[in-house]
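Structure record follows, encoded as C-alpha cells.
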Amino acid sequence: MASTPHDPTLHLPRLLCLHGGGTNALIFTMQCRVLSLHLKPYFRLVFAEAPFESGAGPDVTSVYGECGPFKRWLGWLPEHEVIDPRDEVTAIEESIENAMSDDDAKGAMGGWVGLLGFSQGAKIAGSLLLRRQIREEGGRDLEGQDWRFAVLMAGRAPLISLERDQDRWGLVDENDVLTLPTIHVHGLKDTGLDYHKELLKIWSEKGSAQLIEWDGNHRIPIKAGDVEAVVNPILALAKKLGVLTVDLPV
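Final position of the sequence shown in our numbering is 254; the numbers increase by one with none missing.
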C-alpha cells in the first residue's frame, strides 16, 4: 500500500476561513487560491462550511454555478427562513467546531490563531473575535477558540452575538468594540463600501485596526500586487503578536 505523502503544513499556525453568503467552503477555497499561495508557507488555512442552504450569491453562478449547494451563515433576503436565534447560533458553532475538529483529525497540530472572512463570513469572523474578547474580559473559558486576530474582507456592520446565552442574542452593544487586532480589506469599487467603513470606524478600536484598500469590487484580490498588499500586513501582525517566529521576506 502506498504511503500517504507528508503534509508540510500540519505544524503551522492555523487560520479559520469563512466564506460569504451564497457560496460554500469549496468555492471560497478557489476564490482564495492566490491568497492561499502567499500564506501557505506560514499558515495552514482551513475552510469552514456555513450551516444553512441558500441561493447562489451575486455573480457566483457565472463562474461557480456547478459548485453547489450554496450556503449562508445568516439570512439576509425575504425568502430566507427565519431561524430561532438559539438554533442559529448552535448551527454556526457546530459548523465552526466541525471544521476545526476535522482538521485536527487530519493530524494538524498548529494553534488556531486567526480568522479570515469575506463578506458575510467577515461579519461572523469579527463576531467570533469579539466573543473571544468578551469571554476573556469576563474570565470565562475560551472553549479552545483563542483567536489572536482577524482579517475582515468586505465585512459589513453590525457584529452579532454568537453566545448561547439567551440574554446575549441579537446585535452586539456598540460599546463592545473590537480591541483585539483586525485587518480590514476594502475594495474601493465595492457597492457596499460604506457598510465596510462602518465596521471599521464604529466597531473597531483605533490603534487596533489596520485598513488595506485596493482598486477592486466585491471579491477576493487575485493580482499579485493586490494580494501582497493584503498578505504583508497579515504576516507583519502575526510576527508582532508572536504567532509567527520565522523570518519574513524583506
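Even for Gly, the Cβ is constructed at its ideal location relative to N, Cα and C.
Nearest to G111 (by Cα), restricted to the options L245, H15, E70 = H15
R144: buried (16+ other C-beta within 10 angstroms of its C-beta) or exposed?
-> exposed
Looking at the unbroken beta strand (DSSP E) that takes in E217, where does it start and where does it end?
-> E217 -> beta strand (DSSP E) spans 213–218.
Going by the beta-carbon positions, is the gap between K201 and G220 smaller than 7 Å?
-> no
Rounded separation between W218 and C36 - CA only = 16 Å
Answer with buried or exposed for I226, where buried requires no fewer than 16 other C-beta atoms within 10 angstroms of its C-beta.
-> exposed
Can you tell me the Cβ-Cβ gap for G159 and G130, rounded? I've got them flagged as a contact below 8 Å.
-> 6 Å
Verify whether the separation of the beta carbon atoms of A109 and V50 is less than 7 Å.
-> no
If you check the beta carbons only, do S165 and L182 fall under 7 Å apart?
-> no
Helix, strand or coil: which one does DSSP assign to H84?
-> Note: H84 maps to coil in three-state DSSP.
From which residue to which residue does the alpha helix (DSSP H) around V50 run?
-> Taken as a continuous stretch (DSSP letters only), V50 belongs to no alpha helix (DSSP H), being part of the beta strand (DSSP E) at 48–52.
Close Cβ partners of W173 (< 8 Å) along its chain, the five nearest in sequence each way excluded | Confidence at W173 is low in this model, with a pLDDT of 45, below 50, so the placement of that residue should be treated as unreliable; the coordinate-derived value is given next. Here the set comprises P89, R90, V93, S165, E167.
Output the distance between the C-alpha atoms of G79 and L119, rounded to the nearest integer angstrom.
-> 21 Å
A161: which of D150, P73, L134 sits nearest, CA to CA?
-> L134
By Cβ distance below 7 Å, which residues in the same chain neighbour M5 in space, the five residues on each side in sequence not counted?
-> Low local confidence applies: a pLDDT of 48 at M5 is under 50, so the model's placement there is unreliable, with the coordinate-based value given in what follows. Same-chain partners within the cutoff: there are none.
Going by the CB atoms, is the gap between T27 and V64 shorter than 7 Å?
-> yes
Give the DSSP-derived three-state secondary structure of I164 in the structure shown.
-> strand
What residues in its chain sit with their C-beta under 8 Å from that of D230, if we drop five residues either side in the sequence?
-> W218, D219, G220
Quick one: is S123 buried, meaning 16 or more other Cβ sit within 10 Å of its Cβ, or exposed?
-> buried
A52 versus H23: straight-line alpha-carbon distance, rounded = In this model, A52 and H23 are separated by some 7 Å (Cα to Cα).
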